[in-house]
Amino acid sequence: GESVGLHLPTLSVQEGDNSIINCAYSNSASDYFIWYKQESGKGPQFIIDIRSNMDKRQGQRVTVLLNKTVKHLSLQIAATQPGDSAVYFCAEYAGNMLTFGGGTRLMVKP
Amino acid sequence: GAVVSQHPSRVICKSGTSVKIECRSLDFQATTMFWYRQFPKQSLMLMATSNEGSKATYEQGVEKDKFLINHASLTLSTLTVTSAHPEDSSFYICSALKGGGTGELFFGEGSRLTVL
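Residue numbers (the numbering used here), protein chains in the order written: chain A, 2 to 111; chain B, 15 to 130.
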């Protein structure tokens with residue numbers, strides 16, 4: 002079936018640098034996307050969301066970009082901090098069901 | 015903000031016993047809750063969708079008699095792992111949907127099950 006896909010890479014960035022985490026999705030009918038942050042041993046935390054009628058949405062230090070043409074979603078974290086170290090998942094909404102991508106581990110080097 | 019409480023956070027049990035995990039929405043009513051399973055270094059896998067007052071909808075490959083889900087009230091859903099075996103050891107996470115349609119989803123902190 003269709004799925005949100007994200008190989009599981011590890012992104013290592015220097016503290017203070019910007020981070021970009023990418024996600025590809027395959028269900029063209031999905032109209033709502035979310036980024037979650039999951040710290041070790043904890044449940045996912047909502048970071049930011051975007052609906053398909055938008056291309057960009059900004060939060061505090063985070064920006065989500067949506068490219069529906071190529072079914073691509075990205076999360077940008079400005080001035081990355083050690084507390085940003087975690088696994089980040091993108092997810093798509095289809096009806097009431099949320100489907101997660103594979104996750105990216107972000108490691109912030111001091 | 016909305017809070018979802020999951021209990022217990024860690025449980026160790028002997029093979030063959032049953033374990034119940036609770037998921038509570040503390041400050042909102044959740045007609046729909048979801049149960050996920052997560053293996054180390056992997057994404058969350060949806061196990062079932064729990065709707066208040068009705069039977070849960072299980073994903074393909076998830077044994078409904080093995081993983082019993084009860085959503086008896088608008089603030090509580092339970093997952094019971096029956097006759098647990100070591101291969102059931104995993105991190106189980108619940109989430110609760112606030113509002114209808116694409117309402118915001120809130121996650122519990124997860125429950126680490128270890129079956130000896």
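A virtual CB, placed ideally from N, CA and C, is assigned to each residue, including glycine. The structure displayed is predicted, hence computed values, not measured ones.
Taking 9 Å as the threshold (C-beta atoms), are H73 of chain A and N19 of chain A in contact? Here the question's residue 19 of chain A lines up with position 18 in the first sequence. Here the question's residue 73 of chain A lines up with position 72 in the first sequence. No, these two residues do not count as a Cβ contact at 9 Å.
Specify the secondary structure class of D102 of chain B as computed by DSSP and reduced to three states. Reading the second sequence from its first residue, position 88 is the one you call residue 102 of chain B. If DSSP states are grouped into helix, strand and coil, D102 of chain B belongs with the helices.
For D56 of chain A, the three-state DSSP class (helix, strand or coil): As a first step, residue 56 of chain A must be located in the first sequence, where it is residue number 55. Reduced to three states, the DSSP call for D56 of chain A is coil.
Residues that S57 of chain B contacts on chain A, provided the C-beta gap is smaller than 7 Å: In the second sequence, counting from the first residue as 1, residue 57 of chain B sits at position 43. F90, F101, G102, G103 and G104, listed in chain order.
Which bits of chain A does W107 of chain B rub up against, with CB to CB less than 7 Å? Locating residue 107 of chain B in the second sequence gives position 93, counting from the first residue. It should be noted that the sequence gives Ile, not Trp, for residue 107 of chain B. Residues of chain A passing the Cβ test: G44.
At which residues does the beta strand (DSSP E) containing Q15 of chain A begin and terminate? Here residue 15 of chain A corresponds to residue number 14 of the first sequence, with the count starting at 1. Counting along the chain, the beta strand (DSSP E) containing Q15 of chain A begins and ends at T11 to Q15.
Select from B:K34, B:T63 and B:S97 the residue whose C-alpha is nearest the C-alpha of F48 of chain B. For the purposes of this step, residue 48 of chain B is identified with residue 34 of the second sequence, where counting begins at 1. When only C-alpha atoms are compared, the closest one is B:T63.
Cα-Cα separation, K69 of chain B to H85 of chain B: As a position in the second sequence, residue 69 of chain B is number 55, starting the count at 1. As a position in the second sequence, residue 85 of chain B is number 71, starting the count at 1. For K69 of chain B and H85 of chain B, the distance between alpha carbons rounds to 8 Å.
Given a cut-off of 9 Å, decide if L127 of chain B and S104 of chain B are closer than it, judged by their beta-carbon atoms. For the purposes of this step, residue 104 of chain B is taken as residue 90 along the second sequence, with counting starting at 1. For the purposes of this step, residue 127 of chain B is taken as residue 113 along the second sequence, with counting starting at 1. Going by C-beta atoms, S104 of chain B is nearer than 9 Å to L127 of chain B.
Can you pull the DSSP bridge partners for V33 of chain B? What you label residue 33 of chain B is simply residue 19 of the second sequence in a count that begins at 1. V33 of chain B pairs with B:V95.
Residues sharing a beta bridge with H21 of chain B, DSSP: The residue you call residue 21 of chain B lines up with position 7 of the second sequence. Partner(s): B:E36.
Between the region 76 to 85 of chain A and the region 46 to 65 of chain A, are three or more C-beta pairs nearer than 8 Å? yes
Could you run through the region 29 to 54 of chain A and flag, in chain order, every residue whose CB is less than 9 Å away from some CB of chain B? D32, Y33, I35, Y37, Q39, G42, K43, G44, P45, Q46, F47, D50 and R52
Spatially closest choice to P45 of chain A from A:L99, A:M108, A:P111 and A:A95, by CA coordinates: Numbered from 1 along the first sequence, position 44 holds the residue referred to as residue 45 of chain A. Closest option to P45 of chain A, Cα to Cα, is A:L99.
Inter-residue CB distance, L82 of chain B and T96 of chain B (contact presumed, cutoff 8 Å): Walking along the second sequence from the start, residue 82 of chain B turns up at place 68. Walking along the second sequence from the start, residue 96 of chain B turns up at place 82. With 8 Å as the limit, L82 of chain B and T96 of chain B qualify as a contact, their Cβ atoms being about 6 Å apart.
List the residues of chain A whose Cβ lies closer than 9 Å to the Cβ of F121 of chain B, in chain order. Here residue 121 of chain B is taken as the residue at index 107 of the second sequence, counted from 1. Neighbours of F121 of chain B on chain A, chain order: Y37, Q39, K43, G44, P45, Q46 and F47.
Taking F34 of chain A and I51 of chain A to be in contact with their CB atoms under 8 Å, please state how far apart those CB atoms are, rounded to whole angstroms. Here residue 34 of chain A corresponds to residue number 33 of the first sequence, with the count starting at 1. Here residue 51 of chain A corresponds to residue number 50 of the first sequence, with the count starting at 1. Their Cβ separation, rounded to whole angstroms, is 5 Å, which keeps F34 of chain A and I51 of chain A in contact under 8 Å.
In whole angstroms, what separates the C-alpha of E16 of chain A from that of V109 of chain A? Taking the first sequence and counting its residues from 1, the one referred to as residue 16 of chain A is at position 15. Taking the first sequence and counting its residues from 1, the one referred to as residue 109 of chain A is at position 108. Distance between the alpha carbons of E16 of chain A and V109 of chain A is about 6 Å.
Straight-line Cα distance separating K112 of chain B from L88 of chain B: Reading the second sequence from its first residue, position 74 is the one you call residue 88 of chain B. Reading the second sequence from its first residue, position 98 is the one you call residue 112 of chain B. Cα to Cα, the separation comes out at about 11 Å.
Would you report the Cα separation of E93 of chain A and N54 of chain A, rounded to the nearest angstrom? Taking the first sequence and counting its residues from 1, one reaches residue 93 of chain A at position 92. Taking the first sequence and counting its residues from 1, one reaches residue 54 of chain A at position 53. Rounded to whole angstroms, E93 of chain A to N54 of chain A spans 14 Å at the Cα level.
May I have the straight-line CA-CA distance separating A110 of chain B from Y50 of chain B, to the nearest angstrom? Here the question's residue 110 of chain B lines up with position 96 in the second sequence. Here the question's residue 50 of chain B lines up with position 36 in the second sequence. Answer to the nearest angstrom: the Cα atoms are 11 Å apart.
Based on the DSSP secondary-structure assignment, which residues constitute the bridge partners of R41 of chain B? Sequence index remark: in the second sequence, residue 41 of chain B carries index 27 (1-based). With the sequence shown as reference, residue 41 of chain B is identified as Asp, and Arg is not the correct amino acid for it. D41 of chain B pairs with nothing; no bridge assigned.
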